[in-house]
Amino acid sequence: MFDKILIANRGEIAVRIIATCREMGIRTVAVYSDADADALHVLEADQAVCLGPSEPAQSYLNVDKIVAAAKETGARAIHPGYGFLAENPAFAQRCDEEGLVFIGPPAQAIRDLGDKTVARRTMIESGVPVIPGMMSPESDPAKLAAEADRIGYPVLIKAAAGGGGKGMRVVRSSDEFSDACESAKREAHSAFGNGDIYLEKYLEQPRHVEFQILADTHGNVIHLLERECSIQRRHQKIIEETPSPALTPSLREEMGETAVSAAKAAGYVNAGTVEFLLDKDNRFYFLEVNTRLQVEHPITEMITGIDLVRQQIEIAAGKELTLSQEDITGTGHAIECRIYAEDPLNDFYPSPGKISYLREPRGPGIRSDCGVYSGYTVPVEYDPILAKLITFAATRQECIQRMIRALRDYAILGVLTPIPFLVDILSCEAFMKGETYTDFIDTHFKQWEPVIKDIDVVGLAYVIDQLSNRKIRTVSTLDEAEAYSPWQTLGNFRP
Ligand code: MV4
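Mapped onto our numbering, the consecutive letters of the sequence shown carry residue numbers 226 to 720.
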């Protein structure tokens, strides 16, 4: 086993990975940029190396600097987290060449699965159902138009290098087709440096259901059940849950077996996610494979009791899986909400700044994966995810009630968060009924106004009480009474 791991990431996911390393007796090396000198992951790691300027290209995306930091500190393996270098095949390959272990899949699997048309061909060869459409990219407009007629409208234009919705266009009739192709190509080119596009039949109102898989270097592959992630806003997931309200036991078994076949077809190793779209008639289709640990991995951990980061590290160290498919049972229900520093009343615009007060919810069945602390300033430079809140309960209904309670108990002052928006989603009838389709937000929350417009008086009273009983020692010029005043301790915050 490795005795030291470098974590090439920041924020809540870096903190999450450090936690498992500590349980395994593995020392940790954090890396950070100038903007992150006070970040929580730096405080929690055993060692920390400054990479330099805050621009990602000069810090968290800089392969040379990260490799040098691993060598300098004697870390033998690198965990990339999610985002940044996590799905970069050149980084995985460079680790190999430098004698470092990349905690993730082989570079070749990342490369193959990164091209959506290569992935589709690989899946078809292994009998995995894919959405009707093209098997290779095409740039000739006449050939594309002929393909669209063959597939039948509506069609969806997708970027071959895509994922995450960039370069996607829904086309409902042939007269819109050529304009849509041109703009999709341009968008794909600027987003991925690759303007290749292809076509699929457009599925109306599908669900997004993904399966967690684990594959070791000895050829064993298992799945750890599904996550339903249909509730998204502009291709950003907001709420995830497991089990999916849409699956029957037999459909779950069939999709799980298909996910395992997909992983085997791709020569996959380590933790990964096989994404499917599920249509109204419960037909499912392969969408893509995410070759990383995902943001929403904790809900799988809650219902299976398996630490996915531990599994990743053991697989990377060459160990054989000790779990077999029969060992995997889901117990209860889990939901995750993502807490970003963003303004839900201003188009979810980022809301960086100083967190003047933070109180995470607590109690049975609550997990808080948090990357920030009271007094920390959220930098403007990076993805504004602050934390993830996960609840776990015996049934879906109890889990929803627990999440609503936990969100109401969450106190974050100084930055704005979507907590009121999340409460309203979880409280709405369509969510309660499990009618969670990928158009959920557009259908039910296009023009959102908070149900409770006045401030949370109980929460605010609690916060003021907490703060006014805590003397701020660093403010020595204030007299005793003033130092305890919430007008001092709360800074610029006003209800
Ligand atoms: C689709 C689709 C409908 N039909 N493909 C969106 C991101 C990318 N990974 C794939 N996506 C979709 N592909 C076909 N043929 C609908 C979506 C889609 C979607 C998928 C998952 C979760 C949320 C979504 C929101 C809008 C569209």
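Just so you know, even glycine gets a beta-carbon here, dropped at the ideal spot from N, CA and C.
Is it buried or exposed for residue i, if we count other Cβ within 10 angstroms and need 16 for buried?
i, result
"Met359", "buried"
"Arg235", "buried"
"Asp374", "exposed"
"Ala618", "buried"
"Asn313", "buried"
"Pro609", "buried"
"Ala723", "Nothing can be reported for residue 723: it is not among the residues displayed for the chain, which extend from 226 to 720."
"Lys341", "buried"
"Leu268", "exposed"
"Thr556", "exposed"
"Val240", "buried"
"Ile238", "buried"
"Lys505", "exposed"
"Thr616", "buried"
"His443", "exposed"
"Asn515", "buried"
"Asp365", "exposed"
"Thr620", "exposed"
"Asp263", "exposed"
"Asp289", "exposed"
"Glu453", "buried"
With DSSP as the reference, identify every bridge partner of residue i, one or two as the case may be.
i, result
"Gln457", "Lys462"
"Thr498", "Gln437 and Asn515"
"Tyr565", "Ile610"
"Gly358", "Glu425"
"Ala332", "DSSP lists no partner for Ala332."
"Val256", "Val274"
"Val603", "Gly578"
"Phe327", "Ile303"
"His448", "Ile438"
"Arg432", "Leu503"
"His558", "Ala618"
"Glu363", "Ile422"
"Phe509", "Leu503"
"Thr467", "Ala559"
How is the beta strand (DSSP E) around residue i delimited, first residue to last?
i, result
"Gln272", "Gln272 to Gly277"
"Lys489", "Not the beta strand (DSSP E): Lys489 falls in the alpha helix (DSSP H), residues Pro474 to Ala490."
"Arg584", "Tyr582 to Arg584"
"Ala294", "From DSSP, Ala294 is part of no beta strand (DSSP E) but of the alpha helix (DSSP H) over Val288 to Thr298."
"Arg592", "Ile591 to Cys595"
Beta-carbon of residue i versus every beta-carbon of chain C: anything under 9 Å?
i, result
"Lys579", "The question asks about chain C, but that chain is absent: this structure has only one protein chain."
Which residue marks the beginning of the alpha helix (DSSP H) containing residue i, and which one marks its end?
i, result
"His266", "Leu265 to Glu269"
"Lys229", "Per DSSP, Lys229 belongs to no alpha helix (DSSP H); it is in the beta strand (DSSP E), Lys229 to Ile232."
"Lys341", "Lys341 to Glu350"
"Ile303", "Ile303 -> not in any alpha helix (DSSP H); beta strand (DSSP E) instead, spanning Ala302 to His304."
"Ile382", "No alpha helix (DSSP H) holds Ile382; the beta strand (DSSP E) holding it covers Val380 to Ala384."
"Leu369", "Pro366 to Ile376"
"Glu322", "Pro314 to Glu322"
"Glu248", "Gly236 to Glu248"
By C-beta, the residues closer than 5 Å to any heavy atom of ligand 1, given in chain order = Ile356, Leu381, Gly390, Glu425, Tyr427, Leu428, His433, Gln457 and Thr663
Unbroken stretches of the alpha helix (DSSP H), 4 residues or longer, contained in the segment 610–664 = 621–634, 644–652 and 654–657
Going along the chain, which unbroken runs of the alpha helix (DSSP H) with 4 or more residues stay wholly within the segment 388–428?
-> 399–417
Could I get the ranges of all uninterrupted alpha helix (DSSP H) runs contained in the segment 511–555, with 4 residues as the minimum, in chain order?
-> 522–529 and 533–541
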